[in-house]
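Protein sequences appear in the order of chains A and B. In case it helps, the working numbering puts the first sequence at residues 1 to 341. In case it helps, the working numbering puts the second sequence at residues 1 to 455.
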Amino acid sequence: MTKLLLSTAVAAILLAGPASAQSRDTIQIAGSSTVLPFASIVAEEFGNAFPDFKAPVVGSGGSGGGLKQFCQGVGENTIDIANASRPIKAEEIETCQANGVAKIQEVRIGYDGIVFATSADKEDFALTPVMVYKAIAAEVPVDGKMVANPYKSWKDVDPSLPDQEINVAIPGSNHGTREVFQEKMIAPGCKEAGLPEMEKEAMTKACETFRQDVVVEISGDYTETLARLQANPSTVGVFGLSFYDQNRDTLKVATVEGVTPSLETVASGEYPVSRPLFFYVKGEHIGTIPGIKEYTEFFLSDGMTGSGGTLESAGLIPMPDEERAEVLKAFEDGKTLEAAK
Amino acid sequence: MSVSAMSSPAASAGSPNRSRIQASLRRRRNAEKRFRFYGIASVTVAIGFVLFLFSTILHEGLPAFWQPVVKVDVTFDPAIIKVDPKPVADTDQSPAALRRANLDWQRKVTMVNWNRIIENSIRAEAPDVEMSARDVQFLVSQNERYRLRDMFVENPDLLGKTVPIELLASANVDVWLKGDIDRSLASDRQQLPEAARMLADRFYEDGRIRMAFSSVLFTNTDSRNAPAEAGLLGAFIGSLYMMIIVIVLAVPVGVASAIYLEEFAPKNKLTDLIEVNINNLAAVPSIVFGLLGAAVFINYFHLPLSAPMAGGLVLSLMTLPTVIIATRASLRAVPPSLRQAALGLGASRTQTVFHHVLPVTYPGILTATIIGVAQAIGETAPLLLIGMNAFVTTLPVTPLDQSTALPVQIFLWEGNENRNYFEPKTAAAIIVLLSVMLALNAIAIVLRSRFERRA
Numbered sequence: 001m002t003k004l005l006l007s008t009a010v011a012a013i014l015l016a017g018p019a020s021a022q023s024r025d026t027i028q029i030a031g032s033s034t035v036l037p038f039a040s041i042v043a044e045e046f047g048n049a050f051p052d053f054k055a056p057v058v059g060s061g062g063s064g065g066g067l068k069q070f071c072q073g074v075g076e077n078t079i080d081i082a083n084a085s086r087p088i089k090a091e092e093i094e095t096c097q098a099n100g101v102a103k104i105q106e107v108r109i110g111y112d113g114i115v116f117a118t119s120a121d122k123e124d125f126a127l128t129p130v131m132v133y134k135a136i137a138a139e140v141p142v143d144g145k146m147v148a149n150p151y152k153s154w155k156d157v158d159p160s161l162p163d164q165e166i167n168v169a170i171p172g173s174n175h176g177t178r179e180v181f182q183e184k185m186i187a188p189g190c191k192e193a194g195l196p197e198m199e200k201e202a203m204t205k206a207c208e209t210f211r212q213d214v215v216v217e218i219s220g221d222y223t224e225t226l227a228r229l230q231a232n233p234s235t236v237g238v239f240g241l242s243f244y245d246q247n248r249d250t251l252k253v254a255t256v257e258g259v260t261p262s263l264e265t266v267a268s269g270e271y272p273v274s275r276p277l278f279f280y281v282k283g284e285h286i287g288t289i290p291g292i293k294e295y296t297e298f299f300l301s302d303g304m305t306g307s308g309g310t311l312e313s314a315g316l317i318p319m320p321d322e323e324r325a326e327v328l329k330a331f332e333d334g335k336t337l338e339a340a341k
Numbered sequence: 001m002s003v004s005a006m007s008s009p010a011a012s013a014g015s016p017n018r019s020r021i022q023a024s025l026r027r028r029r030n031a032e033k034r035f036r037f038y039g040i041a042s043v044t045v046a047i048g049f050v051l052f053l054f055s056t057i058l059h060e061g062l063p064a065f066w067q068p069v070v071k072v073d074v075t076f077d078p079a080i081i082k083v084d085p086k087p088v089a090d091t092d093q094s095p096a097a098l099r100r101a102n103l104d105w106q107r108k109v110t111m112v113n114w115n116r117i118i119e120n121s122i123r124a125e126a127p128d129v130e131m132s133a134r135d136v137q138f139l140v141s142q143n144e145r146y147r148l149r150d151m152f153v154e155n156p157d158l159l160g161k162t163v164p165i166e167l168l169a170s171a172n173v174d175v176w177l178k179g180d181i182d183r184s185l186a187s188d189r190q191q192l193p194e195a196a197r198m199l200a201d202r203f204y205e206d207g208r209i210r211m212a213f214s215s216v217l218f219t220n221t222d223s224r225n226a227p228a229e230a231g232l233l234g235a236f237i238g239s240l241y242m243m244i245i246v247i248v249l250a251v252p253v254g255v256a257s258a259i260y261l262e263e264f265a266p267k268n269k270l271t272d273l274i275e276v277n278i279n280n281l282a283a284v285p286s287i288v289f290g291l292l293g294a295a296v297f298i299n300y301f302h303l304p305l306s307a308p309m310a311g312g313l314v315l316s317l318m319t320l321p322t323v324i325i326a327t328r329a330s331l332r333a334v335p336p337s338l339r340q341a342a343l344g345l346g347a348s349r350t351q352t353v354f355h356h357v358l359p360v361t362y363p364g365i366l367t368a369t370i371i372g373v374a375q376a377i378g379e380t381a382p383l384l385l386i387g388m389n390a391f392v393t394t395l396p397v398t399p400l401d402q403s404t405a406l407p408v409q410i411f412l413w414e415g416n417e418n419r420n421y422f423e424p425k426t427a428a429a430i431i432v433l434l435s436v437m438l439a440l441n442a443i444a445i446v447l448r449s450r451f452e453r454r455a
């Protein structure tokens, strides 16, 4: 009995201990799975390069998930930095401010391309936004009228495409990639498809409603999309350029508007489906959690995000030097985002 | 009609009853045979599945326990390592100032172009091959430069000396040499540039690259920068902390409540309700415990995110009903005569329970505990919700430090973008986790047999 009492007492002490825990000394990061590999590499290098700081801890959860955690409030049990593959939304800033996170500092880290890829043994795809829109929209215009999508094969969409069943795996709505996909691919495609006259709201709905039978939304990481491609080889998947780069032996990439995605074509802006990558720093935590400032500066250093830097070999498309200097200056000046954007 | 019936027409004609009995007997025998056959068939299918699972995991994962290392002579070239001598303790210097001077010095050492030193040593091995600095960097694991740095920090006398060192080859060299990528693919679809591939093959042939046991798998934490150096130690320690917390919390609380409910509590509506609810609790999906943990431990008690402390508490809640139910079952299995005998000889209820009943149930409680703990350390879903699916490169020193756990590490590696390298590595991690489980179960069996002998 005494033994039991003793262990229960130990348990009670263990339970009570954290209440008086020391302040956190590790930066906590979460968010976009596109930014995750880059942030992880920088975190690791940061821990190696600065013996006086601990390496930050990087979690995933998608841009939306990360920003949701970020905006939960200020304090040690909330994250310090949210990675995002899209800019923060106005309503997210509002949520943040309602929860006391007023100093949101935006840091752009570089660019990434979004690619369409098939299994390596499939035929080449030369896509345009309108083809993708026509293949996956729930309703498409035929002779000036909206009808339920009749296309079964890519060949039906456009004679230049291979005769392959339409199956598309796109990122789920928790991913920033999804928004860029809609903005850079579906919106122009929808415009070009020549939808009949309709109300603005109905138009948006027509553009953004996808067929449920052939479109799979992937809420996990790109490996899940890859697994989908392996299970059903006729699937066309949406990936980040850096992921494709690591899996060139199993994936074949489609051209968009005749441009093959690569570090060069995305950097030059020739390849149309690209987006900047960000992370958001909680200004309130700078000074409380050690190392946030140093981590950000290290992230923006030449050796990391500069051209020829570590992240370029990991697949990040670097910003031009002047742009990087501007971002760094804005951060150092403590520039924060305003609610009304 | 049967053969026996036909061979003895007299019997069949004489007693129709007998043939009916024989037919029914045959039916029953056949039914038994069929049932046995079904039983054997299902056991075979089950064993087949297990064998298939194990053989695929072993086939995939075992090669990942070996990884290529490159043996080179590394020269700590003073022309590249241009740093002041390591600061030494002066008599008039405060310890804090010395520490700061040391940190400054270390930072300068870190800034040294260690990649150049590795590059030079590789070039020296193959002077006839034309290659760019990038090609060489592809050969050796990215973090090896920190190993050289640490060697130098440890022993600054190395400056100007040449030492033979086995450097870890990069993950892509590993993939190339093991044939995990199709070697016949065109250059633009390979992960390594042509020069690096050629060099890797050549070094492998002349023995400068050899497959060494992958000790980093057990001594390192996770790594993104240098996948070849990613290890399980951080995750293992995280799991260990959680295991300890589960044992310290769930076992005493579970056993105590089981003893009270079984031996002391009055049988009424309230205890019935409690019993029903404990059974229900055991059936609650683990993800629900994760949500509860995130709401209670993280948001209310303000435990740090990704900490084994929070994870251990969540897993304790999950294991508690298992321990209670198993303990009650083994208490119930103790024959009442034992209690009656003890009570008859004048022992109190408490003495009866703790001196006579409980010792008999030790094997049962122990097995329940270990199986509960094994289940808990294999659990992934609730940990994802309290932020343990994070990339952590530092070793957790206390249960309040950020960490991952073994199953979560498997989940993370499964999601890594370098599929060719991480698929075998994930399988290797699964083998490690399964070994831990099997070891726990083996301990349970050994302890049980020992207690049973004593009892």
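The beta carbon of each residue, even a glycine, is placed where N, CA and C say it ideally should be.
Residue i, enclosing alpha helix (DSSP H) - first and last residue
i: aspartate 156 of chain A; result: 154-157
i: valine 248 of chain B; result: 233-259
i: aspartate 174 of chain B; result: 171-178
i: leucine 168 of chain B; result: Unbroken run through leucine 168 of chain B is the beta strand (DSSP E), 162-168; no alpha helix (DSSP H).
i: valine 314 of chain B; result: 308-332
i: phenylalanine 38 of chain A; result: 36-49
i: tyrosine 38 of chain B; result: 16-61
i: lysine 269 of chain B; result: 269-282
Counted within 10 angstroms of its Cβ, other Cβ atoms place residue i as buried (16 or more) or exposed
i: proline 159 of chain A; result: exposed
i: threonine 327 of chain B; result: buried
i: alanine 16 of chain A; result: Any reading at alanine 16 of chain A must be qualified, since the residue scores a pLDDT of 46, below 50, and its modelled position is unreliable; no value is offered.
i: phenylalanine 264 of chain B; result: exposed
i: isoleucine 304 of chain A; result: A small fix is needed here, since residue 304 of chain A is methionine in this sequence, not isoleucine. Buried.
i: aspartate 245 of chain A; result: buried
i: isoleucine 445 of chain B; result: exposed
Nearest to residue i (by Cα), restricted to the options the options
i: proline 382 of chain B; options: B:Leu313, B:Thr394, B:Glu417 and B:Ser214; result: B:Leu313
i: lysine 425 of chain B; options: B:Ile274, B:Leu185, B:Val175 and B:Thr271; result: B:Val175
i: isoleucine 117 of chain B; options: B:Asp104, B:Lys86, B:Asp84 and B:Gly160; result: B:Gly160
i: leucine 433 of chain B; options: B:Ile377, B:Ile274 and B:Leu158; result: B:Ile377
i: aspartate 124 of chain A; options: A:Trp154, A:Ser85 and A:Tyr111; result: A:Trp154
i: glutamine 402 of chain B; options: A:Ala90, A:Ala314 and A:Ile79; result: A:Ile79
i: valine 136 of chain B; options: B:Leu185, B:Val109, B:Asp90 and B:Met198; result: B:Met198
i: isoleucine 286 of chain A; options: A:Ile218, A:Ser234 and A:Thr336; result: A:Thr336
i: alanine 235 of chain B; options: B:Pro304, B:Glu32, B:Met388 and B:Ile80; result: B:Met388
i: leucine 384 of chain B; options: B:Leu395, B:Leu317, B:Ser306 and B:Val323; result: B:Ser306
i: isoleucine 430 of chain B; options: B:Ala374, B:Gly61 and B:Gln191; result: B:Gly61
i: proline 85 of chain B; options: B:Thr44, B:Asp157, B:Phe138 and B:Ser121; result: B:Asp157
Start-to-end residues for the beta strand (DSSP E) that takes in residue i
i: glutamate 106 of chain A; result: 104-119
i: asparagine 83 of chain A; result: 81-84
i: glutamine 69 of chain A; result: Here glutamine 69 of chain A belongs to no beta strand (DSSP E); instead the alpha helix (DSSP H) covers 62-70.
i: aspartate 221 of chain A; result: Unbroken run through aspartate 221 of chain A: none, as it is neither H nor E.
i: aspartate 73 of chain B; result: 66-75
i: valine 408 of chain B; result: Where valine 408 of chain B is concerned, there is no enclosing beta strand (DSSP E), although the alpha helix (DSSP H) it sits in stretches over 406-414.
i: glutamine 106 of chain B; result: Taken as a continuous stretch (DSSP letters only), glutamine 106 of chain B belongs to no beta strand (DSSP E), being part of the alpha helix (DSSP H) at 95-111.
Identity of the residues DSSP links to residue i by a beta bridge
i: phenylalanine 456 of chain B; result: A query on residue 456 of chain B cannot be resolved here, the shown segment of chain B reaching from 1 to 455 and no further.
i: alanine 427 of chain B; result: According to DSSP, which records beta bridges pairwise, alanine 427 of chain B is partnered with nothing at all.
i: arginine 275 of chain A; result: A:Asp112
i: glycine 194 of chain A; result: In DSSP, glycine 194 of chain A forms no bridge with anything.
i: alanine 210 of chain A; result: According to the sequence shown, residue 210 of chain A is phenylalanine rather than alanine. In DSSP, phenylalanine 210 of chain A forms a bridge with A:Ala137.
i: aspartate 59 of chain A; result: Reading off the sequence, residue 59 of chain A comes out as glycine, not aspartate. Its beta-bridge partners are B:Ala390.
i: glycine 172 of chain A; result: Beta-bridge pairing links glycine 172 of chain A to no other residue.
Quick one: complete alpha helix (DSSP H) runs, 4+ long, within the segment 301-327 of chain A? The alpha helix (DSSP H) runs of length 4 or more contained entirely in the segment 301-327 of chain A are, from start to end of the chain, 302-305 and 310-313.
Please give me, in chain order, every unbroken run of the alpha helix (DSSP H) with length at least 4 that falls completely inside the segment 190-227 of chain B. 194-205 and 216-219
Can you check the segment 323-393 of chain B for any alpha helix (DSSP H) of at least 4 residues that lies completely inside it and give the ranges in chain order? 336-344, 358-377 and 381-385
Scan the segment 113-159 of chain B and note each continuous alpha helix (DSSP H) run of 4 residues or more that stays entirely inside, going in chain order. 114-125, 133-139 and 144-154
Quick check for students: name the residue ranges of the alpha helix (DSSP H) that lie wholly in the segment 233-284 of chain A, counting only runs of 4 or more. 241-246 and 263-267
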